[in-house]
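Structure, rendered in structure tokens:
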């Protein structure tokens, strides 16, 4: 459960639309390990399973970036999982 304000902070779909010819700036036959253009930016946003945070209430692991509460605790208490604001009565 997420409030209206925190909906903007949610992650995006990995592939929202289909690939279009010429939309990629990548060269054909490019070695991705050697090229450094933008790789440091993307690496920081990648999912890292070892840096998961824990729920403030039950100490369960949270896999959603920016969340403070797990979905189970947020639903049970009717609060936003990101900021803790009351969503349901």
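Residue numbers (the working numbering): 72 to 160.
For every residue, glycine included, the Cβ atom is placed at its ideal position computed from N, Cα and C.
Only counting the same chain, and skipping five residues up and downstream in sequence, which positions put a Cβ closer than 7 Å to that of residue 159? Sequence index remark: in the chain shown, residue 159 carries index 88 (1-based). Here the set comprises 149.
I'd like the span of the alpha helix (DSSP H) that includes residue 143, first residue to last. The residue you call residue 143 lines up with position 72 of the chain shown. Looking at the DSSP string, the run of the alpha helix (DSSP H) that includes residue 143 is 142 to 148.
Below 8 Å between beta carbons: does that hold for residue 144 and residue 128? Counting from one through the chain shown, the residue named residue 144 turns up at place 73. Counting from one through the chain shown, the residue named residue 128 turns up at place 57. In this structure, residue 128 lies closer than 8 Å to residue 144 by Cβ.
Could you give the distance in angstroms between the alpha-carbon of residue 139 and the alpha-carbon of residue 99? Looking up residue 139 in the chain shown gives position 68. Looking up residue 99 in the chain shown gives position 28. Cα-Cα distance, rounded: 42 Å.
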